[in-house]
């Protein structure tokens with residue numbers, strides 16, 4: 023499992039600028055992954071471009087030490103977290119034609135000052151949210 027720094031590409035024109043920023047901060051974000059388009063075909067894309075295709079999964083409530091909009095400092099409080107995900111495939115490090123199915127998961131704290139967090143995991147996210 024890997025956690026990525028919080029950033030989000032807002033538009034196609036911003037994708038290239040954001041990708042350059044990510045490459046300097048974190049090499050993982052510049053990773054090329056396979057994303058399934060509407061026709062069911064797998065296409066090679068940069069990981070950060072797939073952020074636009076995240077599908078809402080759930081909203082959960084929890085207690086976190088976080089700073090919300092309008093607060094001067096962070097404190098432990100009850101917050102709502104929105105979870106979104108998109109299925110991807112990543113290339114095997116030594117055998118490029120071989121791929122592994124993974125999920126890109128976004129966790130965004132509602133009304134938080136901080137940006138969302140991203141997680142790339144091979145755990146079955148789809149099975150969790152259907153139950």
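Numbering (my numbering), first residue to last: 23 to 153. The C-beta atom is built at its ideal place from N, Cα and C for all residues, glycine as well. Computed from a prediction, not measured in an experiment: that's the story for all the values here.
Neighbourhood of residue i by C-beta distance below 8 angstroms, restricted to the same chain and skipping five residues each side
i, result
"residue 89", "95, 96, 97, 134, 135 and 136"
"residue 46", "Any reading at residue 46 needs caution, since the residue's pLDDT is 42, under 50, leaving its predicted position unreliable; the model's value is listed next. Taken in chain order, the list of residues that qualify is empty."
Alpha-carbon spacing of residue i relative to residue j, whole angstroms
i, j, result
"residue 111", "residue 102", "29 angstroms"
"residue 123", "residue 99", "35 angstroms"
"residue 69", "residue 91", "29 angstroms"
"residue 117", "residue 79", "32 angstroms"
"residue 86", "residue 127", "19 angstroms"
"residue 146", "residue 73", "18 angstroms"
"residue 130", "residue 121", "28 angstroms"
"residue 140", "residue 132", "15 angstroms"
"residue 52", "residue 71", "10 angstroms"
"residue 113", "residue 63", "16 angstroms"
"residue 142", "residue 61", "24 angstroms"
Contacting residues, own chain, Cβ-Cβ under 7 angstroms from residue i (five flanking each side not counted)
i, result
"residue 77", "106, 107 and 108"
"residue 66", "54 and 56"
"residue 84", "101 and 103"
Sequence-distant residues of its chain with Cβ nearer than 6 angstroms to residue i (five each side left out)
i, result
"residue 144", "124"
"residue 75", "108"
"residue 82", "103"
"residue 59", "65"
"residue 115", "none"
Identity of the residues DSSP links to residue i by a beta bridge
i, result
"residue 94", "Beta-bridge pairing links residue 94 to no other residue."
"residue 78", "106"
Which ranges would you report for the beta strand (DSSP E) in the segment 107 to 138 if only whole runs of at least 3 residues count? 121 to 131
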